[in-house]
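Chemist:
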Amino acid sequence: MSSRPVSPVTETIEKNPVLRRKMNRFGMSMFILSQVIPLIVLIDVRYLFVGLYVSPHLDQGVGLASALFMLLSMVVAWQVKTRAARGEDLTPRLKWVLLLGALALLALFYQWSWRLVSPADRFGEVYYTMTGFAVFYAVVGLVGLLSALSRARFQLPDPDDTWHLEAVSYLWTGIGLIWVLTYVVLFLI
Amino acid sequence: MAQVVSAPAPAPQARRAQWPPVLRGFLWAAIGFVVLNTIVDIVDPFRGHPFVTGPSATLGWVGAVVGWLLGVGVWEGVALPLFGYPSRWIEPSTGWRRYFAYSTDHKVIGLQYLGSAMGGFLIAGLIAMFMRIELMSDHLTIFHYPTNYLTAVGIHGTIMMFSVANVALLGGFGNYMVPIMIGARGTAFPKLSGISAWLVPAGILSVLFSPLLGAWTTGWRGYQPLASQDPNGILFYYLGVAALTTSTFIVALNMVTTIMFRRAPGMTWGRLPLFAWGQVTVGLLVLIWIPEIQATFVMGLLEKLVPFNFFTATGSVLSYLELFWIFGHPEVYIIAVPVFALWNEIIPVMSQKSLFAREWAVIGLVFVMLLSGLVWAHHLFTNMRNSEILPFAFFTEMISIPTGFAYMAAIGTMWKGRVRLTTPMLLVLMSMFNFLIGGLTGVFLADPVVNLQLHDTFWVVGHFHYTVIGSIVFTGLAAVYYWLPKMSGRMYSEFWGKFLAITLFIFFNATFSQFFLLGLHGMNRWVPAYPAYLQPMNFEVSIISFFLGLAFAGQFVHIIWAWVKGPKAADNPWDARTPEWFTASPPPRENFPVQPEIVSSLYIYGAQQPVAVQLPAEEELAAARDESLEPEGGSPHE
Ligand code: HEM
Ligand SMILES: [Cu+2]
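Chains as they are written, first to last, in full-length UniProt numbering: chain W, 1 to 189; chain R, 1 to 638.
1) Suppose the cutoff is 7 Å on Cβ atoms and the five residues either side in sequence are ignored; what does the same chain contact list for residue 636/R look like?
2) Look at residue 591/R and residue 581/R and say whether their C-beta atoms are less than 8 Å apart.
3) Within the same chain, show all residues whose beta-carbon is closer than 7 Å to that of residue 7/W, passing over the 5 residues directly before and after it, in chain order.
4) Could you check whether the Cβ of residue 69/R sits closer than 8 Å to any Cβ belonging to chain W?
5) Please state the DSSP three-state secondary structure of residue 79/W.
6) Any chance you could list the beta strand (DSSP E) runs of at least 3 consecutive residues sitting entirely within the segment 99-133 of chain R, in chain order?
7) Just the chain R side, please: which residues come within less than 7 Å of residue 13/W by C-beta, in chain order?
8) Which ranges does the alpha helix (DSSP H) cover as unbroken runs of at least 4 residues, wholly within the segment 216-255 of chain R, from first to last along the chain?
9) Please enumerate, following chain order, all residues with a beta carbon closer than 7 Å to at least one heavy atom belonging to ligand 2.
10) For a test of your reading of the model: does the CB of residue 552/R fall under 7 Å from any non-hydrogen atom of ligand 1? Yes or no.
11) Starting from residue 160/W, trace the alpha helix (DSSP H) in both directions and tell me its first and last residue.
12) Between residue 189/W and the rest of its own chain, which residues show a CB-CB distance below 7 Å, the 5 nearest in sequence each way excluded?
13) Determine, for residue 519/R, whether the minimum Cβ-Cβ distance to residues of chain W falls below 8 Å.
14) Please tell me whether residue 76/R has its Cβ less than 8 Å away from any Cβ of chain W.
15) Specify whether the segment 159-168 of chain R and the segment 237-244 of chain R touch according to this definition: at least 3 beta carbon pairs, one from each stretch, less than 8 Å apart.
16) Does ligand 1 have a heavy atom nearer than 7 Å to the CB of residue 589/R?
17) To the nearest angstrom, how far is the alpha carbon of residue 179/W from that of residue 61/W?
18) Below 9 Å on C-beta distance, what does residue 257/R contact in chain W?
19) Taking only heavy atoms of ligand 1 into account, decide whether any of them is closer than 7 Å to the Cβ of residue 164/R.
20) With a CB to CB cut of under 8 Å and the five nearest residues on each side skipped, what residues in its chain are close to residue 575/R?
21) Would you call the CB atoms of residue 492/R and residue 481/R closer than 8 Å?
22) Is there at least one Cβ from chain R nearer than 8 Å to residue 172/W's Cβ?
23) Based on Cα-Cα distance, which residue from 471/R, 293/R, 313/R, 234/R lies nearest to residue 155/R?
24) My understanding is that residue 365/R touches residue 337/R, with C-beta atoms under 8 Å, so please give their C-beta distance in whole angstroms.
25) Within 10 angstroms of the Cβ of residue 107/R, are there 16 or more other Cβ atoms? Answer buried if so, exposed if not.
26) Taking the C-alpha atoms as reference points, what is the distance between residue 298/R and residue 599/R?
27) If I follow the unbroken alpha helix (DSSP H) through residue 338/R, where does it start and stop?
28) Between which residues of its own chain and residue 24/R is the CB-CB distance below 6 Å, once the five residues before and five after are set aside?
29) Buried or exposed: residue 270/R, going by 16 or more other Cβ atoms within 10 Å of its Cβ?
30) Would you please verify whether the beta carbon of residue 139/W is less than 8 Å from any beta carbon of chain R?
31) Does the segment 154-166 of chain W touch the segment 82-93 of chain W, meaning 3 or more C-beta pairs lie closer than 8 Å?
32) Within 10 Å of its beta-carbon, does residue 268/R have 16 or more other beta-carbons around it, so buried, or fewer, so exposed?
33) Go to residue 153/W, then tell me how far its alpha helix (DSSP H) extends in each direction, as first and last residue.
34) Would you tell me roughly how many angstroms separate the C-alpha atoms of residue 643/R and residue 409/R, rounded to the nearest one?
35) Residue 216/R: beta carbon under 7 Å from a heavy atom of ligand 3?
36) Give me the subset of the segment 299-316 of chain R whose CB atoms are less than 8 Å from a CB atom of chain W, sorted by chain position.
Shown next as structure tokens:
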């Protein structure tokens, strides 16, 4: 038999919830990391096609507002995530995350709806592509947040099973990061 | 752990009669398409008001895929529980029906992937036959316009690459075998994995029916700006490939995490089976390069749809090519790495000899993975400056060194071993031969001077069919024969297996070796009409390729026969030592009656060979007692 000191039963995720949690977290981290790659492609494209140019038609104020909403949303989400990792259930705060995220989206849609940046010029192509990616992620993330809120209506908080909560807020943090980086690259540098 | 012994299926009368999941999937897909398509029509009316426009078809497709996934069972299995709603969904643990619905059993998922890959192969293979019929004469015959022929080439290549080559050994055998081989009782993300399996049929059908929106002429690479000049068929190419690549991506995420976290106690990295090593390395390739190509293809889609001008003459035409090939070459290794790993999985077993230089085999896999990101521009030599060509030519030729490690480990293992020439072994040897030819002809192509001559000729077509069919198809078949007794509990006929393998080998080589000659004589790729002097040879190649098609069909018939009607197989017919052979065939729902433990290396053969896999006896007893107490587990997994 093996001479290993650790009892084998604790080495499987079935018997060891900490390991299971680590596994889930690893998967989510890999996913978020992998989604940095499309962002790199897009950033490449931005500098390849328009260099450092920022269109004067962009409303810097609205852009900043959108990014700040997302940043705040992210901060709250990160709180929820780290607490969930310790077994605390802060589901109600997700409403704030959701609200701020929705505001960020609305600000962006507002900017889009002016069509001041023409999709037919070079900067416009880059602008709509990059923000479009960010919106896609945000919509996916919102569905995740809604799922956690909806769950809370049916299930009592369970300190042993806060992974879903952790997952959606972790995912949202990653998505927020992509959103904010997109803003920085498009509006500032 | 209660449903190790398969629980009786839930009483049927308790459940509302409902549509078979796949049919419901089609229905919901149709509804999803019509609904979103109509919404787009209303929001964004188009000149002339056709019902289906480019944008409406694109969003309609999204609706269709969502409807399809929900319809095959994701609705009850994932969506409802995700939002906390009660779902009475219970996963059946036996019966053929579970293969035609959403499932969380990695073995069911693996077979779904294998089934899709086989379906894709048959479809794309049939299309190849039509292409060969066309090439029997030097002018257009069964295709009425060159664009039709090019669409056929594109569909053939796309389905073969993204739904066969990327799927068979990753989604298929990866899902089915890797968890068992590492002694796990499930995968890391069974639900996600259950969803992703159903993206493959969606992707195949999208690409197959792309001509409904019009022809496309770009081949499997969706080249811009050419794609934007084509009719709308290319939209379904980009969308279908998005579904297929997403599926591959999820497989990699699930496999890498499973191998990291669900290895049995005692399954150290040093003991990890080679095939699992292959999955980890290939998983990293997939996690890096698939998101890259997905971003590129989304830009391609927008370029066509909006339209944008990233890749037209006013933008940067070369950028698309670069973005494609920086994924495109690693793609070759996404295909080949699990193949190399499988060679070195099967050969030690069939030679009953310890794997030679195991560390070097692993190092080879890892270095192939690393180098594969440094060679992409060898596809673009015709568009480059001399000074840029040199480093890429150099790295391309260098990559043959770590590839050589796989050969070295394989040959070293066979050396002085008692090699049993069974069908899987025979197919592995053939695969090694074919891939060698593919590699050697590739070295010619890596040479810039030669490349400028051979670029875009049938030499290239011969080269990549030798590498791709040589690797994935021959080794994939070897894997099917090797694991058939495991997956079905039945044995194939050794005579027919060998006979068909030899036939396949002969017709494969007779067909594709002549592609090299055709290329040297000046036969271009992507042309349905060509100079008359090439006609006799093309005619004869086509005839042989029809026999090749028959040889493939014969393989499938034999495999299906063995699966259903073959004689019962022994528990461990090959005397293999990896954990998958230490459980029932086919394995029970949770793979092993109890959590196994690995106590020594899996690749040591010889007089003092210890049994590497142990199933603790006390636990086995306990498990048996549990089962008699609670006869049926309620939750579908864990
Ligand atoms: C069943 C036997 C097969 C035959 C007879 C066959 C034949 C052909 C032919 C004639 C072409 C078109 C050459 C041209 O006009 O440019 C082609 C292209 C291609 N084939 Fe196959 N093929 C077979 C199997 C496969 C398999 C198994 C794969 C991969 C798993 C594959 C991958 C491709 C790819 C990627 C292309 C390039 C498509 C493009 O140019 O975009 N083929 N094949
Ligand atoms: Cu290459």
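We put the CB at the ideal spot given by N, CA and C, even for glycine.
Modeler: Once the coordinates are examined:
1) Here residue 636/R refers to the residue found at position 636 when the second sequence is read from its first residue. For residue 636/R, the pLDDT reaches just 38, beneath the cut-off of 50, and the residue's location in the model is therefore unreliable, leaving the point undetermined.
2) Residue mapping note: residue 591/R aligns to position 591 of the second sequence, counting from 1. Residue mapping note: residue 581/R aligns to position 581 of the second sequence, counting from 1. Taking 8 Å as the cut-off, the beta carbon of residue 591/R is found no closer than this to the beta carbon of residue 581/R.
3) Locating residue 7/W in the first sequence gives position 7, counting from the first residue. Legend: pLDDT at residue 7/W = 47, less than 50; position of this residue unreliable, value from coordinates given subsequently. Result list for residue 7/W: empty, nothing under 7 Å.
4) For the purposes of this step, residue 69/R is taken as the residue at position 69 of the second sequence. It does not; no Cβ of chain W falls within 8 Å.
5) Counted from its first residue, the first sequence places residue 79/W at position 79. The answer is helix: DSSP assigns residue 79/W an H, G or I state.
6) You should have found no qualifying run.
7) For the purposes of this step, residue 13/W is taken as the residue at position 13 of the first sequence. Simply 261, 262.
8) If we require 4 residues or more, the alpha helix (DSSP H) runs fully inside the segment 216-255 of chain R come out as 226-229.
9) Going down the chain, each residue whose beta-carbon is closer than 7 Å to a heavy atom of ligand 2 shows up: 325/R, 328/R, 329/R, 332/R, 375/R, 376/R, 378/R, 379/R.
10) Locating residue 552/R in the second sequence gives position 552, counting from the first residue. Relative to ligand 1, the nearest heavy atom lies less than 7 Å away from the CB of residue 552/R.
11) As a working mapping, residue 160/W is identified with position 160 in the first sequence. According to the DSSP assignment, residue 160/W belongs to no alpha helix (DSSP H), since it is labelled neither H nor E.
12) Stepping through the first sequence from its first residue, residue 189/W is reached at position 189. Excluding residues within five positions, the ones whose Cβ falls inside 7 Å are 52.
13) Mapped onto the second sequence, residue 519/R falls at position 519. Closer than 8 Å: no.
14) Locating residue 76/R in the second sequence gives position 76, counting from the first residue. Chain W contact via Cβ: absent.
15) Three or more pairs of CB atoms, one per stretch, sit closer than 8 Å, so the segment 159-168 of chain R contacts the segment 237-244 of chain R.
16) Taking the first residue of the second sequence as position 1, residue 589/R is located at position 589. Not under cutoff, so the answer is no.
17) As a first step, residue 179/W is located in the first sequence; it is residue number 179 there, counting from the start. As a first step, residue 61/W is located in the first sequence; it is residue number 61 there, counting from the start. Each residue's Cα considered, the two are about 16 Å apart.
18) As a working note, residue 257/R is residue 257 in the second sequence. Annotation: Cβ neighbours of residue 257/R in chain W (cutoff 9 Å, chain order): 23, 24, 26, 27, 30.
19) The count along the second sequence starts at 1 and reaches residue 164/R at position 164. Yes, ligand 1 has a heavy atom inside 7 Å of this Cβ.
20) On the second sequence, residue 575/R is found 575 positions in, with the first residue counted as 1. 349, 352.
21) Here residue 492/R corresponds to residue number 492 of the second sequence, with the count starting at 1. Here residue 481/R corresponds to residue number 481 of the second sequence, with the count starting at 1. Yes, they are a contact pair.
22) Mapped onto the first sequence, residue 172/W falls at position 172. Not a single C-beta of chain R is nearer than 8 Å to the C-beta of residue 172/W.
23) To locate residue 155/R, count along the second sequence from 1; it is residue 155. Residue 234/R is the option with its Cα nearest to residue 155/R.
24) Here residue 365/R refers to the residue found at position 365 of the second sequence. Here residue 337/R refers to the residue found at position 337 of the second sequence. By a beta-carbon distance limit of 8 Å, residue 365/R contacts residue 337/R. Their separation comes to about 6 Å.
25) The count along the second sequence starts at 1 and reaches residue 107/R at position 107. By the neighbour-count rule (16 or more Cβ atoms within 10 Å), residue 107/R is buried.
26) For the purposes of this step, residue 298/R is identified with residue 298 of the second sequence, where counting begins at 1. For the purposes of this step, residue 599/R is identified with residue 599 of the second sequence, where counting begins at 1. Using only the alpha carbons, I get a separation of about 48 Å.
27) For the purposes of this step, residue 338/R is identified with residue 338 of the second sequence, where counting begins at 1. It spans 317-351 - the alpha helix (DSSP H) in which residue 338/R sits, taken as one unbroken run.
28) Numbered from its first residue, the second sequence carries residue 24/R at position 24. Result list for residue 24/R: 71, in chain order.
29) Taking the second sequence and counting its residues from 1, the one referred to as residue 270/R is at position 270. With fewer than 16 other Cβ atoms within 10 Å, it is exposed.
30) Here residue 139/W corresponds to residue number 139 of the first sequence, with the count starting at 1. Cβ-Cβ to chain R under 8 Å: no for residue 139/W.
31) With the cut-off at 8 Å, the segment 82-93 of chain W and the segment 154-166 of chain W touch.
32) Taking the first residue of the second sequence as 1, we reach residue 268/R at position 268. That one is exposed.
33) In the first sequence, residue 153/W corresponds to position 153, counting from 1. For residue 153/W, the uninterrupted alpha helix (DSSP H) run begins and ends at 122-154, by DSSP.
34) Lying before the first or after the last residue shown, residue 643/R is absent from chain R, which here runs from 1 to 638.
35) Ligand 3 is not part of this structure, which contains only ligand 1 and ligand 2.
36) Residues passing the 8 Å Cβ filter: 299, 302, 306, 308, 309, 310, 315, 316.
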